[in-house]
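Residue numbers (this note's numbering), protein chains in the order written: chain A, 71 to 328; chain B, 71 to 328. Note that CB positions come from ideal geometry on N, CA and C, so glycine has one too. Computed from a prediction, not measured in an experiment: that's the story for all the values here. Here's the structure we're looking at; comments come further down.
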C-alpha cells in the first residue's frame, strides 16, 4: 500500500538529519524496488557498533535465473537491450528504458518504542519475494520509461500462486498490479500510498505462463497520481486484466510511522 | 478468480457422468474452501489403480495452531461457539454460523491433453496456503451465516506479507478480500468467477495484527452476485479497507477448462 522509492532514498542519502532521532535506518529495499542506492547510504547515529547479520550485497531478484522460461527471457532481453544504447561515436549511453532492481527486505529498527516488535521486523520479507524456491511464485522484472511515463513488468506465474484449478489466484494478480502501479507512481511522484485499486478480470491466467503488465500515467492532480494497468499475454494478443490505481503522495514521516 | 464450492462439489458427488470422459478428478479443495466433501466423492473412471501420493485426510488450515495470537483465538472462539447450539432438551443443534474448512491443494489430472502439464498441476498450491511455516503468512478462518447472508473472516497477517515497512502489502489485503468475497459468493450462488474488485485502502494494517473481514451480499441479478467487504481491526474501532466485488456464475465445464 505505501510506497517508498527513489525520492525517499535520495532524501535519506542527503543525510539522517531529517529522520527522527529515535529511528535508525538500515539498508532497506522500501517496496523492494527502486532502492539500489540504499546500501551506500547507511547512517548509524545512535549506535556505534551494530551487528549486521545480512549480506551487504542483497540479491537482486529481478535478474534472470534458471527458472525463467523462454518467454520470460525473451521479454527481459527485449527491454533490457533498450536500457543502454550506442552513440554514433561508439560510446555507451543510457537508453529509453531502465531496469528496476528488486529485493526482499524492508528493515526498520526502532529504538523509541514503536508498535512493532524487532522480531517481526527482522523476519519480515516483501510479500512478492517471500519464497526462496526460484520459479515457484512471483518471478518478475520491471522496466520504466521516464520520457513516456510508462512502466512494463514481465511476470512469470509459479505453481504456488494457484486460485482456480490450473490458474493464477485473483489475489496474486491484484498483488502484481498493486506492485507495478505503486512502483510506477513512486517513480513519477515520490513516496505514495495506494488509495484505490479497481480491477476488472477479463480472462484467467494459466499457471506457469508469462504475462506483461503495462502501466501508464493517466494524470496527476495535487497529491493524487492516477495510473492505468493492463495485463496481457506476452504476445499482446489476449487481455487478461485491466485496472486503475489511485495513489496519494505522503511524506517520509508517514512511511516511517513517526 | 474462479471459484468452486458447495454446489460444484454436490454436483460432482452425484456422480461423474456430468464430467468429461477425458478428465479424472481427484479429491480437491477447489478454492481451498467449502470442499470438505471431496474426499468422499472420488470417482476413478478411466484408471483402475492410481497412485495417491497424498494423505487422504488433508490438513484443515482453518483450525487453531500455535502461531495464533490471543486476538485470533478470541475471535475464533466467538464465532466457533455459535456454530452449535443447545436445545431446551439439552441436545445439540446447528447454530447460525458455520466454519468453512480450508485446504491447500486443487488437483486436476488431465488424460486428454489439456494445456497444463501434470507437473505444474501436481505441485500447485492454493496461493493463500502455500507456505508451510505456521503464522508466517496468511492465517485465517472463515465463518458463514446463511440466514443473514454474511461471512466473517478472522485474519492474522504474518511477517512474510510485508509491503510498506512494518505493514501488510496492499496485494495481500486484496488477496484476502478476493478470497473472502469469492468464497461467500460461491456459498450464495454456486461456482463463480471474479469479474471486478474495487478496493479502497483507508488505513494500513500492521504486520502481526489480527483483523476481521466482514462480507455481505449486496444483490443478485441474473448471473451476477454483488458483495461488499470491510476490513476492520478486531475490536471494530478502525476501518482499514473497504471493497466491492462482482462475481459471475459459471458452469462446471468452464472451471475445468473443458
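message: Which residue marks the beginning of the alpha helix (DSSP H) containing residue 141 of chain B, and which one marks its end?
response: Position 71 of the second chain, counted from the start, is the residue given in the question as residue 141 of chain B. Segment 140-150, the alpha helix (DSSP H) holding residue 141 of chain B.
Distance between beta carbons of residue 172 of chain B and residue 213 of chain B, contact taken as under 8 Å: Position 143 of the second chain, counting from 1, holds the residue named residue 213 of chain B. Position 102 of the second chain, counting from 1, holds the residue named residue 172 of chain B. The pair is not a contact, with the Cβ atoms about 12 Å apart (cut-off 8 Å).
- prompt: For residue 321 of chain B and chain A, any beta-carbon pair shorter than 9 Å?
  reply: Within the second chain, the letter at position 251 stands for residue 321 of chain B. Taking Cβ atoms only, chain A never reaches closer than 9 Å to residue 321 of chain B, which makes this a no.
task: Consult DSSP for residue 199 of chain A and reduce its assignment to one of helix, strand or coil.
output: As a position in the first chain, residue 199 of chain A is number 129, starting the count at 1. The answer is helix: DSSP assigns residue 199 of chain A an H, G or I state.
- prompt: Is the distance from the Cβ of residue 304 of chain B to the Cβ of residue 279 of chain B below 9 Å?
  reply: Walking along the second chain from the start, residue 304 of chain B turns up at place 234. Walking along the second chain from the start, residue 279 of chain B turns up at place 209. Going by C-beta atoms, residue 304 of chain B is nearer than 9 Å to residue 279 of chain B.
field: Contact the stretch 191-205 of chain B vs the stretch 231-238 of chain A: 3+ CB pairs below 8 Å
entry: yes
- request: Consider the Cβ of residue 171 of chain B: report whether some Cβ of chain A lies at a distance smaller than 9 Å.
  value: For the purposes of this step, residue 171 of chain B is identified with residue 101 of the second chain, where counting begins at 1. Judged by the 9 Å Cβ criterion, residue 171 of chain B is not in contact with chain A.
field: Start-to-end residues for the beta strand (DSSP E) that takes in residue 49 of chain A
entry: No answer is possible for residue 49 of chain A: it lies beyond the span of chain A, which begins at 71 and ends at 328.
task: Output yes if chain A places a C-beta closer than 9 Å to the C-beta of residue 149 of chain B; else output no.
output: To locate residue 149 of chain B, count along the second chain from 1; it is residue 79. No - not a single Cβ of chain A is within 9 Å of the one on residue 149 of chain B.
- prompt: With which residues is residue 194 of chain A paired in a DSSP beta bridge?
  reply: Here residue 194 of chain A refers to the residue found at position 124 when the first chain is read from its first residue. Its beta-bridge partners do not exist; DSSP assigns none.
- request: Report back the beta-carbon spacing between residue 243 of chain A and residue 275 of chain A to the nearest angstrom; my notes put them in contact at under 8 Å.
  value: Position 173 of the first chain holds residue 243 of chain A. Position 205 of the first chain holds residue 275 of chain A. At roughly 7 Å, the Cβ-Cβ gap stays under 8 Å, so residue 243 of chain A and residue 275 of chain A are in contact.
Close-in-space but distant-in-sequence residues of the same chain around residue 290 of chain B (CB under 7 Å, 5 per side omitted): Start at 1 with the first residue of the second chain, and residue 290 of chain B comes out as number 220. So the qualifying residues of the chain are 259.
- prompt: Is any beta-carbon of chain A found at less than 9 Å from that of residue 266 of chain B?
  reply: Along the second chain, one-based indexing puts residue 266 of chain B at 196. Answer yes: the Cβ-Cβ gap between residue 266 of chain B and chain A drops below 9 Å somewhere.
query: Exposed or buried, residue 204 of chain A, counting other C-beta atoms within 10 Å across all chains shown (16 or more means buried)?
result: Looking up residue 204 of chain A in the first chain gives position 134. Exposed, because fewer than 16 other Cβ atoms sit within 10 Å of the Cβ of residue 204 of chain A.
task: With residue 28 of chain A as the anchor, note down where its beta strand (DSSP E) starts and where it stops.
output: Chain A is shown from 71 up to 328; residue 28 of chain A falls before or after that span and cannot be answered.
- prompt: Relative to chain A, which residues along the stretch 229-242 of chain B have a C-beta separation below 8 Å, given in chain order?
  reply: 229, 230, 231, 232, 233, 234, 235, 236, 237, 238, 239, 240, 241, 242
query: Is it buried or exposed for residue 267 of chain A, if we count other Cβ within 10 angstroms and need 16 for buried?
result: To locate residue 267 of chain A, count along the first chain from 1; it is residue 197. Within a 10 Å sphere around the beta-carbon of residue 267 of chain A sit 16 or more other beta-carbons, which makes this residue buried.
- prompt: Just curious, the alpha helix (DSSP H) that residue 255 of chain B is in, first and last residue?
  reply: By one-based count along the second chain, residue 255 of chain B stands at place 185. Looking at the DSSP string, the run of the alpha helix (DSSP H) that includes residue 255 of chain B is 240-259.
message: I'd like to know whether the C-beta of residue 287 of chain B is nearer than 9 Å to at least one C-beta of chain A.
response: Counted from its first residue, the second chain places residue 287 of chain B at position 217. No, no contact with chain A.
message: Among the candidates A:144, A:227, A:139, whose CA atom is the shortest distance from the CA of residue 206 of chain A?
response: As a working mapping, residue 206 of chain A is identified with position 136 in the first chain. Taking only the C-alpha atoms, the option nearest residue 206 of chain A is A:227.
field: beta strand (DSSP E) segment containing residue 216 of chain A, residue limits
entry: Within the first chain, residue 216 of chain A is the residue found at index 146, counting from 1. Residue 216 of chain A -> no beta strand (DSSP E), and no H or E assigned at all.
query: Do residue 208 of chain A and residue 252 of chain A have their CB atoms nearer than 9 Å?
result: Translated into the one-based positions of the first chain, residue 208 of chain A becomes position 138. Translated into the one-based positions of the first chain, residue 252 of chain A becomes position 182. No, they are not a contact pair.
message: What would DSSP say about residue 269 of chain B, mapped onto helix, strand or coil?
response: Here residue 269 of chain B is taken as the residue at index 199 of the second chain, counted from 1. Three-state result, residue 269 of chain B: strand.
query: How many whole angstroms separate the CB atoms of residue 310 of chain B and residue 245 of chain A, which I take to be in contact at a CB cut-off of 8 Å?
result: Here residue 310 of chain B refers to the residue found at position 240 when the second chain is read from its first residue. Here residue 245 of chain A refers to the residue found at position 175 when the first chain is read from its first residue. So it is not a contact: roughly 17 Å between Cβ atoms.
- prompt: Where does the unbroken beta strand (DSSP E) through residue 167 of chain A begin, and where does it stop?
  reply: Numbered from 1 along the first chain, position 97 holds the residue referred to as residue 167 of chain A. Residues 167-170.
Proximity below 9 Å, CB of residue 138 of chain A to CB of residue 222 of chain A: For the purposes of this step, residue 138 of chain A is taken as the residue at position 68 of the first chain. For the purposes of this step, residue 222 of chain A is taken as the residue at position 152 of the first chain. One thing to note: residue 138 of chain A has its Cβ no nearer than 9 Å to the Cβ of residue 222 of chain A.
query: Quick one: Cα of residue 150 of chain B to Cα of residue 302 of chain B, how far?
result: Position 80 of the second chain, counted from the first residue, corresponds to residue 150 of chain B. Position 232 of the second chain, counted from the first residue, corresponds to residue 302 of chain B. The alpha-carbon atoms of residue 150 of chain B and residue 302 of chain B are separated by roughly 19 Å.
query: At least one CB of chain A closer than 9 Å to the CB of residue 260 of chain B: is that the case?
result: In the second chain, counting from the first residue as 1, residue 260 of chain B sits at position 190. Residue 260 of chain B does not count as touching chain A.
Proximity of residue 220 of chain B and residue 286 of chain B at Cβ, strictly below 9 Å: Position 150 of the second chain holds residue 220 of chain B. Position 216 of the second chain holds residue 286 of chain B. Closer than 9 Å, so yes.
task: Ignore the nearest five residues each way along the sequence and tell me which others in residue 201 of chain A's own chain have a CB closer than 7 Å to its CB.
output: Taking the first chain and counting its residues from 1, the one referred to as residue 201 of chain A is at position 131. Answer for residue 201 of chain A: 207, 230, listed in chain order.
field: Contact set for residue 237 of chain B: own chain, Cβ-Cβ below 7 Å, skip 5 residues either direction
entry: Taking the first residue of the second chain as position 1, residue 237 of chain B is located at position 167. Apart from the 5 residues on each side of it in sequence, residue 237 of chain B sits with its Cβ closer than 7 Å to the Cβ of 274, 275, 276, 277 in its chain, given in chain order.
- prompt: Span of the beta strand (DSSP E) holding residue 285 of chain B?
  reply: As a first step, residue 285 of chain B is located in the second chain; it is residue number 215 there, counting from the start. Counting along the chain, the beta strand (DSSP E) containing residue 285 of chain B begins and ends at 280-291.
Closer than 9 Å to chain B by CB, residue 308 of chain A: Your numbering for residue 308 of chain A matches position 238 in the first chain. Judged by the 9 Å Cβ criterion, residue 308 of chain A is not in contact with chain B.
task: Using the DSSP secondary-structure output, state which residues sit across from residue 313 of chain B in a beta bridge.
output: Sequence index remark: in the second chain, residue 313 of chain B carries index 243 (1-based). Per DSSP, B:269, B:299.
- prompt: In chain order, what residues of the stretch 191-204 of chain A put their CB closer than 8 Å to some CB of chain B?
  reply: Taken in chain order, the members of the stretch 191-204 of chain A whose beta-carbon sits within less than 8 Å of a beta-carbon on chain B are 191, 193, 194, 195, 196, 197, 198, 200, 201.
- request: Determine whether the Cβ of residue 252 of chain A lies closer than 9 Å to any Cβ atom of chain B.
  value: As a first step, residue 252 of chain A must be located in the first chain, where it is residue number 182. Residue 252 of chain A counts as touching chain B.
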